[in-house]
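Accompanying notes for the structure given below.
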Amino acid sequence: MPAQSFTHQATTEATIDEVWAALDRPETWEGIGGVDRVFDAEIDPQGRLQGFSFDTIAAGKKYVGTATPHERVEREKMAWRVQNSEIQGVTMVSLSQRGETTAITVTLEVQSAGLLSSMFFPVIAGAIGNGLPRSVEDFAAGLGG
């Protein structure tokens, strides 16, 4: 199946703790990696996000998907295994201190989920890749600091 990876980095004046807290809020994931709306979020008793469902709209069609835990290293990395009827992959956010700022690196690894989607994969992947820089910059800017 065709696959592609995209990465973008932005910085914020927010601390790593502030960014990490934002990553545990379901609404944070709206707009990152092509997610338009998050719903049915699962949060554990400690307030950690454990998964969610999401909508993505592409070419006028709505796709419903799920995000399940892939990797979590407190205050360093949060990654989700994402899947809908057309694509599957991993959305990962990594954090690092850069002097007085926090660097936020978002990596999307996507691949087609079926034979039909593989024909349209270049268009789907292109849309995801083209939207990533703005979504990461908007997320970082919205954190303030």
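In case it helps, my numbering puts the sequence shown at residues 11 to 155. Glycine included, each C-beta is placed from N, C-alpha and C at the ideal position.
- For residue 64, the number of other beta carbons within 10 angstroms of its own is at least 16, and it is reported as buried.
- A residue is called buried when at least 16 other Cβ atoms come within 10 angstroms of its Cβ; residue 96 meets this threshold and is buried.
- Rounded to the nearest angstrom, the gap between the Cα atoms of residue 12 and residue 138 is 14 Å.
- Here the alpha carbons of residue 145 and residue 91 stand approximately 19 Å from one another.
- In this structure, the straight-line span from the alpha carbon of residue 17 to that of residue 148 is close to 15 Å.
- Taking all protein chains shown into account, residue 49 has fewer than 16 neighbouring C-beta atoms within 10 Å of its C-beta and is therefore exposed.
- Counting along the chain, the unbroken alpha helix (DSSP H) around residue 26 starts and ends at 26–33.
- In this chain, the beta strand (DSSP E) harbouring residue 97 covers 97–108.
- Burial of residue 36 is indicated by the presence of at least 16 other C-beta atoms within 10 angstroms of its C-beta.
- Rounded to whole angstroms, the separation of the alpha carbons of residue 72 and residue 116 is 23 Å.
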